[in-house]
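Asker:
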Amino acid sequence: MCKFIKLINIILLLYLIKEISTAVEFTNVKCNSWNKTFADFEYCHLKSVNRSFKYLSLKVNLFKVPITKVKVNFSLLKRYNGYKPFLYNITVDACKVLRHPKSNLIFGFFHGLFKKYSNMNHTCPYDHDLIVEKLPISFLNQQMTGELKFPHGDYLFHSDWYAYGVNRATVDCYYSLS
Ligand SMILES: *[C@@H]1O[C@H](CO)[C@@H](O)[C@H](O)[C@H]1NC(C)=O
Ligand SMILES: *[C@@H]1O[C@H](CO)[C@@H](O)[C@H](O)[C@H]1NC(C)=O
Ligand SMILES: *[C@@H]1O[C@H](CO)[C@@H](O)[C@H](O)[C@H]1NC(C)=O
Ligand SMILES: *[C@@H]1O[C@H](CO)[C@@H](O)[C@H](O)[C@H]1NC(C)=O
Ligand SMILES: CC(=O)N[C@H]1CO[C@H](CO)[C@@H](O)[C@@H]1O
2 MCKFIKLINI
12 ILLLYLIKEI
22 STAVEFTNVK
32 CNSWNKTFAD
42 FEYCHLKSVN
52 RSFKYLSLKV
62 NLFKVPITKV
72 KVNFSLLKRY
82 NGYKPFLYNI
92 TVDACKVLRH
102 PKSNLIFGFF
112 HGLFKKYSNM
122 NHTCPYDHDL
132 IVEKLPISFL
142 NQQMTGELKF
152 PHGDYLFHSD
162 WYAYGVNRAT
172 VDCYYSLS
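Laid out in structure tokens, this is it:
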């Protein structure tokens, strides 16, 4: 029993240390459309309403709907002397994984970060503009804190969005761990 309590204490302590040492802060978002006849960003920004409420919003106008084939490349980069590849660099068939959400945990995690605040919450096809509306940065920070045990520093979450095998858009999210 005593051993058990000790174990609980150690786990609790480790948990607290992690909580204290890992603060996540989203600092910037950049969106780019590679073919403005196919899709374009109406807006893409972080906004501060006040000290405690900061959010991310973006809207993509799609001009060739419906879209039935979507792939996403994700990679995580860390800044040393410029941003360098760090940890993962994967491609997922978004239409497939939206049908079978448990088939790719990394995509599932990423989708979970914004789906509550977005109309990208259903399976393909997509026949409407895509929005992420007022996704609270505090929500993002919270989601990330539990998941990341990475070294301190500046990170770039890079995503390339392909439709029909062609790169249509790039969304880059910048954050730091301290
Ligand atoms: C841009 O997209 C349009 C619509 O799909 C296509 O007709 C055109 O060829 C594309 N342009 C380039 C440079 O890929
Ligand atoms: C910040 O703005 C949000 C949304 O308008 C509001 O709900 C919240 O009370 C504000 N917080 C402070 C500290 O003013
Ligand atoms: C991801 O991997 C591909 C192919 O292996 C490479 O061309 C690309 O530059 C990599 N991207 C990043 C950001 O590391
Ligand atoms: C998807 O998001 C839209 C817009 O926010 C909402 O009206 C709809 O109920 C959501 N659908 C699902 C399946 O969550
Ligand atoms: C790094 C990586 O996996 N890149 C892929 C991104 O997706 C396109 C389209 O599916 C592939 O051609 C790239 O190889």
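First residue of the sequence shown: 2, per the working numbering; consecutive thereafter.
Glycine included, each C-beta is placed from N, C-alpha and C at the ideal position.
Could you tell me which residues DSSP puts in a beta bridge with L131?
Answerer: For this step, residue 131 is matched to residue 130 along the sequence shown. L131 is bridged to V61.
Asker: To which residues does DSSP link N74 through a beta bridge?
Answerer: Walking along the sequence shown from the start, residue 74 turns up at place 73. N74 pairs with T92, D161.
Asker: Between the alpha carbons of F64 and L78, how many angstroms are there, rounded?
Answerer: Working through the sequence shown from its first residue, we reach residue 64 at position 63. Working through the sequence shown from its first residue, we reach residue 78 at position 77. Rounded to the nearest angstrom, the two C-alpha atoms are 31 Å apart.
Asker: For the candidate residues I138, S160, G166, whose alpha-carbon lies nearest to that of H46?
Answerer: Along the sequence shown, one-based indexing puts residue 46 at 45. When only C-alpha atoms are compared, the closest one is I138.
Asker: Apart from the five residues just before and just after S34, which ones in its own chain have a Cβ nearer than 8 Å to its Cβ?
Answerer: Here residue 34 corresponds to residue number 33 of the sequence shown, with the count starting at 1. Hits under 8 Å: A40, D41, F42, V61, R169, A170.
Asker: So the beta strand (DSSP E) F111 belongs to, where does it begin and stop?
Answerer: Residue mapping note: residue 111 aligns to position 110 of the sequence shown, counting from 1. Careful: F111 lies outside any beta strand (DSSP E), inside the alpha helix (DSSP H) at 106–115.
Asker: Got a sec, what are the start and stop residues for the beta strand (DSSP E) A170 sits in?
Answerer: In the sequence shown, the residue the question calls residue 170 occupies position 169. Segment 167–178, the beta strand (DSSP E) holding A170.
Asker: Tell me where the beta strand (DSSP E) around V66 begins and ends.
Answerer: In the sequence shown, the residue the question calls residue 66 occupies position 65. Here V66 belongs to no beta strand (DSSP E), and DSSP marks it neither H nor E.
Asker: Cβ of S53 versus every heavy atom of ligand 2: is any distance shorter than 7 Å?
Answerer: Here residue 53 refers to the residue found at position 52 of the sequence shown. Answer for S53: yes, Cβ within range of ligand 2.
Asker: Please determine whether the Cβ atom of F42 lies at a distance below 7 Å from any heavy atom of ligand 1.
Answerer: Within the sequence shown, the letter at position 41 stands for residue 42. Checking every heavy atom of ligand 1 against the Cβ of F42, none is found closer than 7 Å.
Asker: When you compare each of W162, D173, H101 to L57 by their alpha carbons, which one comes out closest?
Answerer: Position 56 of the sequence shown holds residue 57. Nearest of W162, D173, H101 to L57, Cα basis: D173.
Asker: Cα separation between K37 and D161?
Answerer: As a working note, residue 37 is residue 36 in the sequence shown. As a working note, residue 161 is residue 160 in the sequence shown. If I take the Cα positions, the gap works out to 15 Å.
Asker: Does the beta-carbon distance from G109 to K103 come in below 8 Å?
Answerer: In the sequence shown, counting from the first residue as 1, residue 109 sits at position 108. In the sequence shown, counting from the first residue as 1, residue 103 sits at position 102. Their beta carbons are under 8 Å apart, which means G109 touches K103 by this criterion.
Asker: Could you give the distance in angstroms between the alpha-carbon of L81 and the alpha-carbon of S177?
Answerer: What you label residue 81 is simply residue 80 of the sequence shown in a count that begins at 1. What you label residue 177 is simply residue 176 of the sequence shown in a count that begins at 1. A quick correction: the sequence has Tyr, not Leu, at residue 81. Approximately 13 Å between the Cα atoms of the pair.
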